[in-house]
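Peer 1: So the protein sequences, as listed, match chains A and B.
When you read off a place in the first sequence, starting at 1, and then add 10, the result is the number in my numbering.
When you read off a place in the second sequence, starting at 1, and then add 10, the result is the number in my numbering.
For glycine and all other residues, C-beta sits at the position ideal for the given N, C-alpha and C.
Note that the structure is predicted; figures quoted are calculated from it, not measured.
Here it is: the structure, laid out below.
Number of protein chains: 2
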Amino acid sequence: MIEIELLEKYDAVRKCYKKSEIIFEIDHLATHYYQIISGAVKMNNYNDEGREFIQGIFYANQSFGEPPLFLDRTYPANAEAVEDSELLCISKNNFLKLITENPAISINIIEILAQRLHYKSVMAAEISTHDSEHRLLQLFDYSISYLNFKKDNNGYAIDLTRQQIGNLTGLRVETVIRTIKTLEKKGELKIINRKVYR
Amino acid sequence: MIEIELLEKYDAVRKCYKKSEIIFEIDHLATHYYQIISGAVKMNNYNDEGREFIQGIFYANQSFGEPPLFLDRTYPANAEAVEDSELLCISKNNFLKLITENPAISINIIEILAQRLHYKSVMAAEISTHDSEHRLLQLFDYSISYLNFKKDNNGYAIDLTRQQIGNLTGLRVETVIRTIKTLEKKGELKIINRKVYR
DNA sequence: ACTTATTTATGACATAGGTCATAAGGTCAC
DNA sequence: GTGACCTTATGACCTATGTCATAAATAAGT
């Protein structure tokens, strides 16, 4: 996260997106740096049959879609608001200017990319070599450790729909529903009022 | 890649690793920055049954395992030499010093991480939503575009064993062998003397 | 309030890819 | 040079997960 005041010094603009609205599309060139003020954004891919894969979900104070700003490549995925969201947008040129003029910020960016890479490494190994139960638990525990998932008296609330869980782990909804039930029977998590707690 | 002279100014040390030798292990803290002078290194994970997943293979002039240097986290995977290799190693402290004293280098690091993130995004979507034929072609085409795979008169040589291909895509060797044969029949690639060309 | 869409749920059945067994050609170590 | 191991290969069979159909509970939109 970059300080809002600093971004605004480089002409950042606030922009609102309705739920389901597309922020940018796969294979397009990157034109802006985006940081979330409020709401949530997912980055995703669709295969030829329309099956979705969610690369990640981002929340307030997080940025997303930076890598192509530094490469001569297009976006590897789409970005879409999962709730009504307010974003700070800053043009590629201004963003690169900001970084070169504020070297400390680049360490910041490195940390953000390093974190994201860490998540991708963990999930890649998970998706390729583990069964559905292991995959779900890993996703839940990772989300609890590194995202802003809240703890209440039932445990940590996994604030994701079954469909989203499936699309984050490469499983179908039905499999997620069945696996969650099995995990509940095994005592690995709780289902209260259809919500998952860990 | 960071200039060797610059690394040596910060007390980088040359170190040789035999094929199959471990460079660092999963869950350990990061102590050094590593850059390959010659040879090749893979980063991998094993599941409980010993199945391997290869996060990536790195060649001369590439670095690997940087993210945990910037985070308070351990390595998400192991690093192992796939051939006899010579590496340049520089301690975490010296490396961080190098970066802060040479702001231009941090842009360099950002680009490296951005590239790696791009690969992971593409492969993650591939592994979770596409069938084996699609996965293999994607891996081959990505490797050709972004790695140093050489073209000869048969086409681009895919310099990976069937086992490595499987461990990079989350498929078993037998499946890889069968899929490659199918792809050959479909004219998507050539098998000459057991080697794959695209 | 009423319609429409989303989310959770469950059962029956299908299949891509995994598993296991076996083998032959290559490569490496000593 | 020979034994051990790795790589490619193929067949028979199995199973975790996907697919399809159906439905009720909940949420969202007008």
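Whole angstroms are fine: how far does the CA of B:Thr-185 sit from the CA of B:Leu-178?
Peer 2: Position 168 of the second sequence, counting from 1, holds the residue named residue 178 of chain B. Position 175 of the second sequence, counting from 1, holds the residue named residue 185 of chain B. Approximately 13 Å, taken between the alpha carbons.
Peer 1: Less than 7 Å between CB atoms is the rule here; does A:Ser-116 satisfy it with respect to chain B?
Peer 2: Counting from 1 along the first sequence, the entry for residue 116 of chain A is found at position 106. Cβ-Cβ to chain B under 7 Å: yes for A:Ser-116.
Peer 1: Going along the stretch 78 to 101 of chain A in order, which residues come within less than 7 Å of chain B, judged by CB to CB distance?
Peer 2: Cβ contacts with chain B: Phe-80, Leu-81, Arg-83, Pro-86 and Ala-87.
Peer 1: So, at 6 Å on beta carbons, what are the nonlocal neighbours of B:Ala-70 in its own chain, with the 5 sequence-adjacent residues on each side left out?
Peer 2: Residue 70 of chain B sits at position 60 when you count from the first residue of the second sequence. Excluding sequence neighbours, B:Ala-70 sits near Ile-46 and Ser-48.
Peer 1: Can you check whether the CB of A:Ile-202 is closer than 7 Å to the CB of A:Asn-164?
Peer 2: Residue 164 of chain A sits at position 154 when you count from the first residue of the first sequence. Residue 202 of chain A sits at position 192 when you count from the first residue of the first sequence. Going by C-beta atoms, A:Asn-164 is nearer than 7 Å to A:Ile-202.
Peer 1: According to DSSP, simplified to helix, strand and coil, what is A:Val-211?
Peer 2: The structure shown has nothing for residue 211 of chain A, since chain A only spans 11 to 208.
Peer 1: Give the secondary structure of A:Asp-82 by DSSP, where H, G and I count as helix, E and B as strand, and everything else as coil.
Peer 2: As a first step, residue 82 of chain A is located in the first sequence; it is residue number 72 there, counting from the start. A:Asp-82 falls in the coil class under three-state DSSP.
Peer 1: Can you list, in chain order, the residues of its chain with a C-beta nearer than 8 Å to that of B:Tyr-152? Leave out the 5 residues immediately preceding and following it.
Peer 2: Against the second sequence, residue 152 of chain B aligns to sequence position 142. Counting only Cβ-Cβ distances below 8 Å, and skipping sequence neighbours, we find Tyr-129, Val-132 and Met-133.
Peer 1: Determine, for B:Thr-189, whether the minimum Cβ-Cβ distance to residues of chain A falls below 7 Å.
Peer 2: In the second sequence, counting from the first residue as 1, residue 189 of chain B sits at position 179. With 7 Å as the cut-off, B:Thr-189 does not count as an interface residue toward chain A.
Peer 1: Could you check whether B:Lys-29 and B:Ala-232 sit closer than 7 Å to each other, using their CB atoms as the reference points?
Peer 2: The structure shown does not extend to residue 232 of chain B, since chain B is modelled only from 11 to 208, so the question has no answer here.
Peer 1: Show which residues of chain A have a CB atom less than 8 Å away from the CB atom of B:Glu-121.
Peer 2: Counting from 1 along the second sequence, the entry for residue 121 of chain B is found at position 111. Those are Phe-80 and Leu-81, listed as they occur along chain A.
Peer 1: By Cβ distance below 8 Å, which residues in the same chain neighbour A:Gln-148 in space, the five residues on each side in sequence not counted?
Peer 2: Here residue 148 of chain A refers to the residue found at position 138 when the first sequence is read from its first residue. So the list reads Val-132, Met-133, Glu-136 and His-140, once near-sequence residues are dropped.
Peer 1: When the Cα of B:Tyr-219 is compared with those of B:Asn-103, B:Tyr-56 and B:Ser-95, which residue comes out closest?
Peer 2: With chain B running from 11 to 208 in the structure shown, residue 219 of chain B is simply not present.
Peer 1: So B:Glu-93 and B:Ala-50 are in contact, right, with Cβ under 8 Å, and what is the actual spacing, rounded?
Peer 2: Residue numbering aside, residue 93 of chain B sits at position 83 when the second sequence is read from its first letter. Residue numbering aside, residue 50 of chain B sits at position 40 when the second sequence is read from its first letter. Contact holds; Cβ gap of about 5 Å.
Peer 1: Closer than 7 Å by C-beta to B:Ile-14: which residues in its own chain qualify, once you throw out the five before and the five after it? Chain order, please.
Peer 2: On the second sequence, residue 14 of chain B is found 4 positions in, with the first residue counted as 1. So the qualifying residues of the chain are Leu-98.
Peer 1: Thinking C-alpha only, which one of B:Glu-62, B:Ile-190, B:Asn-54 and B:Phe-63 is nearest B:Gly-75?
Peer 2: By 1-based counting over the second sequence, the position of residue 75 of chain B is 65. Here the closest residue by C-alpha is B:Asn-54.
Peer 1: To the nearest angstrom, how far is it from the Cα of B:Ile-117 to the Cα of B:Lys-25?
Peer 2: What you label residue 117 of chain B is simply residue 107 of the second sequence in a count that begins at 1. What you label residue 25 of chain B is simply residue 15 of the second sequence in a count that begins at 1. About 26 Å.
Peer 1: Determine the chain A residues that contact B:Met-11 at a beta-carbon separation under 7 Å, and present them in chain order.
Peer 2: Position 1 of the second sequence, counted from the first residue, corresponds to residue 11 of chain B. Result: empty, since nearest Cβ-Cβ is about 15 Å, beyond 7 Å.
Peer 1: Using only CA atoms, which one of B:Pro-113, B:Phe-63 and B:Thr-189 lies nearest to A:Glu-138?
Peer 2: Taking the first sequence and counting its residues from 1, one reaches residue 138 of chain A at position 128. Here residue 138 of chain A turns out to be Ser, not Glu, going by the sequence shown. Cα-wise, what sits closest to A:Ser-138 is B:Phe-63.
Peer 1: Take B:Ser-10 as the anchor and find which of A:Met-11, A:Pro-77, A:Arg-83 and A:Leu-79 has the nearest alpha-carbon.
Peer 2: Chain B is shown from 11 up to 208; residue 10 of chain B falls before or after that span and cannot be answered.
Peer 1: Assuming B:Ile-187 and B:Arg-172 form a contact by the criterion Cβ under 8 Å, report the distance between their Cβ atoms to the nearest whole angstrom.
Peer 2: Position 177 of the second sequence, counted from the first residue, corresponds to residue 187 of chain B. Position 162 of the second sequence, counted from the first residue, corresponds to residue 172 of chain B. Correct: roughly 5 Å between the Cβ atoms.
Peer 1: Assuming A:Ile-120 and B:Ile-119 are in contact, meaning their beta carbons sit under 8 Å apart, how far apart are those beta carbons, in whole angstroms?
Peer 2: Locating residue 120 of chain A in the first sequence gives position 110, where the first residue counts as 1. Locating residue 119 of chain B in the second sequence gives position 109, where the first residue counts as 1. Right, the Cβ-Cβ distance comes to about 6 Å (below 8 Å), so this counts as a contact.
Peer 1: Could you tell me if A:Leu-181 is buried or exposed, where buried requires 16 or more neighbouring beta carbons within 10 angstroms of its beta carbon?
Peer 2: Taking the first sequence and counting its residues from 1, the one referred to as residue 181 of chain A is at position 171. Answer is buried; the Cβ neighbour count reaches 16.
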